[in-house]
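Visitor: Okay, here's the structure, questions in a sec.
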Amino acid sequence: DTEVTQTPKHLVMGMTNKKSLKCEQHMGHRAMYWYKQKAKKPPELMFVYSYEKLSINESVPSRFSPECPNSSLLNLHLHALQPEDSALYLCASSQDEGITGSPLHFGNGTRLTVT
Amino acid sequence: SQQGEEDPQALSIQEGENATMNCSYKTSINNLQWYRQNSGRGLVHLILIRSNEREKHSGRLRVTLDTSKKSSSLLITASRAADTASYFCATAAISSGSARQLTFGSGTQLTVLP
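Top line first, the protein sequences correspond to chains H and Z.
For what it's worth, the numbering used here labels the leading residue of the first sequence as 319, then goes sequentially.
For what it's worth, the numbering used here labels the leading residue of the second sequence as 85, then goes sequentially.
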């Protein structure tokens with residue numbers, strides 16, 4: 319088991335639905351990340367929050383909306399997704415986003431299927 | 085964007101053999117990390133090697149880094165069936181004076197046959 323908890327583990331949604339992915343960590347990490355991973359591909363960075371502020375948005379479509387309510391929680395709000403958005407969505411945290419390139423601690427992901 | 089390329093893409097060995105995976109990258113780095121991912125799970129950090137280090141060991145893992153060739157290798161000795169997973173290198177690039185994020189390589193799928 320990991321120290322980063324993601325819910326739900328699986329999600330099936332229609333293209334008109336609104337849903338949210340949730341991520342929680344209690345390691346005192348100050349940087350949190352959302353990655354998207356397609357089958358047999360490496361994770362692709364979507365967003366980075368550092369000290370609860372959005373610091374990186376990798377040109378992600380606006381149908382993905384991140385939120386960091388506090389230093390332990392990270393949400394990803396989904397709306398009007400497309401079938402090609404089906405993927406494993408991984409949350410990660412690290413001590414900081416700074417110059418040391420801190421190792422990432424990953425959750426086990428949410429397997430999202432858009433129908 | 086993807087900075088690292090790994091080879092081989094897939095590797096199949098017998099239990100007890102050693103497995104070697106290679107990673108090449110393009111830009112100057114602060115450090116390089118290796119991660120393991122079991123099927124359908126999250127990534128697990130294995131080892132970090134800094135740009136001023138050449139070799140690092142952790143248990144059955146040995147990582148080398150050659151910054152002149154912009155390449156790294158991960159050696160797993162005495163492999164076990166439980167080592168079956170995808171292995172990714174990840175680089176912390178130096179950009180505008182600070183290392184901001186990790187970029188993952190394409191990954192090697194390792195299968196260890198019992």
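Note that the Cβ used here is the ideal one computed from N, Cα and C, for glycine as well.
Could you spell out where the beta strand (DSSP E) holding D91 (chain Z) opens and where it closes?
Guide: Segment 89-91, the beta strand (DSSP E) holding D91 (chain Z).
Visitor: So what does T161 (chain Z) bridge to, in DSSP terms?
Guide: Per DSSP, none; premise fails for T161 (chain Z).
Visitor: Taking V366 (chain H) as the query, report the chain Z residues whose CB atoms sit under 7 Å from its CB, ordered along the chain.
Guide: What V366 (chain H) touches in chain Z: Q185.
Visitor: Measure the C-alpha to C-alpha separation of K371 (chain H) and E90 (chain Z) and round it to an integer number of angstroms.
Guide: Answer to the nearest angstrom: the Cα atoms are 33 Å apart.
Visitor: DSSP three-state label for A176 (chain Z), please.
Guide: Reduced to three states, the DSSP call for A176 (chain Z) is strand.
Visitor: I need the DSSP call for P387 (chain H), collapsed to helix, strand or coil.
Guide: In the structure shown, P387 (chain H) sits in a strand (DSSP, three-state: E or B).
Visitor: Between Z:D167, Z:G143, Z:D150, which has its C-alpha nearest P198 (chain Z)'s C-alpha?
Guide: Answer by Cα proximity: Z:D167.
Visitor: Can you tell me which of Z:G189, Z:H129, Z:A162 puts its alpha carbon nearest to the alpha carbon of S156 (chain Z)?
Guide: Closest option to S156 (chain Z), Cα to Cα, is Z:G189.
Visitor: Which chain Z residues sit within Cβ distance under 9 Å of N426 (chain H)?
Guide: Those within 9 Å of N426 (chain H) in chain Z are G124, R125, G126.
Visitor: Could you please give me the residues that DSSP links to Y119 (chain Z) through a beta bridge?
Guide: Partner(s): Z:H129, Z:F172.
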